[in-house]
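Numbering of the sequence shown is given in this note's numbering, commencing with residue 1 and proceeding in unit increments.
Below: one structure, written as structure tokens.
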Amino acid sequence: MDCYSLELINSKINEIVVQKNQYISDKEDKSAHGIGISSIRDIVEKYEGTLDISYDDTSFKVVILIGG
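Next up, the structure:
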């Protein structure tokens with residue numbers, strides 16, 4: 001069976017805010033931000049994959065595995 005993986009690493013300068021397992025956007029226009037990770041989480045669950053999110057002082061990392 002095929003397995004698909006995706007790893008994204010982005011630099012960051014702001015603090016990461018997590019409330020009730022949701023990542024909160026710190027952008028001024030909140031109506032246009034803050035739905036990306038929850039959408040990704042829904043898709044990964046639909047295809048029975050895994051989603052790993054981690055961060056440190058300088059970067060934000062998302063690893064997605066689907067299949068296998």
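Just so you know, even glycine gets a beta-carbon here, dropped at the ideal spot from N, CA and C.
A quick note: this is a predicted structure, and the numbers were derived from the prediction, not measured.
Check	Outcome
Could you pull the DSSP bridge partners for Asp52 from this structure?	Val63
CA-CA distance, Val18 and Gly36?	14 Å
Which first and last residues belong to the beta strand (DSSP E) in which Ser25 is found?	Looking at the DSSP string, Ser25 is not in any beta strand (DSSP E), and its letter there is neither H nor E.
In angstroms with no decimal places, state the Cα-to-Cα distance between Tyr4 and Glu15.	30 Å
Kindly list the residues whose CB is nearer than 7 Å to the CB of Leu65, restricted to its own chain and excluding five residues on each side of it in sequence; keep chain order.	Cys3, Ser5, Gly49 and Thr50
Consult DSSP for Glu45 and reduce its assignment to one of helix, strand or coil.	helix
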